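I have placed the structure first, in the form of C-alpha cells, so that the comments after it can refer back to it.
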Amino acid sequence: MSRAIIVTALLCLGWFPIQIRAGDFNFIFDPHELECTGNVTYDRVMLTAYRPRTASDERRDYTDIQLKKLYSLQDYLDDRAPYVTVGMDPSLKIPYGTPVCIPELNIHFRRNINLQVRDTHQDLLGGGYRRVDICVRTQADSFDDYVNLMDAHLIF
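Under this note's numbering, read the sequence shown as residues 22 to 177, first letter to last.
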C-alpha cells in the first residue's frame, strides 16, 4: 500500500466504515480555469463599488438603466443572483447586458464572476474604459479592497 493518507469515515446509511484516500481528491487550485476570454483588454482600470439604496423613494436608486433589479457581487457569490451588475461610462454606449471579465476578481474569489454591464450614471461620465463600478450589497461591502482596485484589467 502506498503512503497515501487514509481517512476512515462512517457512512450515514448503515454506518459502514469506508476508507477515503486523500490522493483521490485534487484540492490544488488551477488558476487557468479562471482565465478570461475576450478580444479586447484594457489595463490600469480602476474598480469602484456602489450599492443600491433600497430605502430611497427614487426607483433609479435601486434599479439598473432598464429599471431592473441590481444584482450585487455578494448575492452572486451566495448563488442568489445570475450575474453581477456593472456600471460604466454612459458615453461609451455599451449594449445592455454586455459581459465583461476582470481576472483579478476571478482569482480573488476563486471562481468565474459573471459581470454584465447593465448600469451607468453621471459619476462615471468621462471615465471611458478606465473605470468600472461593481454593485455590492451593503455599505460595509463597498470598502472591500478587491472592489476598489486601482490597477485591474478589463476584458471584453
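All C-beta atoms in this analysis are idealised placements derived from N, C-alpha and C, irrespective of residue type, glycine included.
If you're wondering where the values come from, they're calculated on a predicted model, not measured in any experiment.
**Asked** Between the region 100 to 107 and the region 148 to 157, are three or more C-beta pairs nearer than 8 Å?
**Response** Pairwise C-beta distances place the region 100 to 107 in contact with the region 148 to 157, as three or more of them are shorter than 8 Å.
**Prompt:** If we ignore side chains and look at the alpha-carbon of each, how far apart do T62 and D165 end up?
**Reply:** Computed Cα separation, rounded: 24 Å.
**Asked** CB A76 to CB S163, shorter than 7 Å?
**Response** When the beta-carbon positions are compared, A76 and S163 stay at least 7 Å from each other.
**Prompt:** By DSSP, does P116 sit in helix, in strand, or in coil?
**Reply:** In this structure, DSSP gives P116 a state outside helix and strand, which the three-state scheme calls coil.
**Prompt:** For D45, does the three-state DSSP call read helix, strand or coil?
**Reply:** Bear in mind that the predicted position of D45 carries a pLDDT of just 49, short of 50, making it unreliable; the figure below should be weighed with that in mind. In the three-state DSSP reduction, D45 falls in the helix class (H, G or I).
**Request:** Locate the beta strand (DSSP E) running through H174, then write down its first and last residues.
**Result:** 173 to 176 is the extent of the beta strand (DSSP E) around H174.
**Prompt:** Among all the DSSP beta bridges, which residues are the ones paired with T84?
**Reply:** T84 pairs with K90.
**Y167 and H129 closer than 7 Å at C-beta** = Contact annotation: Y167 and H129 have beta-carbon atoms nearer than 7 Å.
**Prompt:** Candidates Y83, V66, M67: which alpha carbon is nearest R74's?
**Reply:** The shortest Cα separation from R74 among Y83, V66, M67 belongs to Y83.
**Separation of E54 from P116, as counted between CA atoms** = Distance between the alpha carbons of P116 and E54 is about 27 Å.
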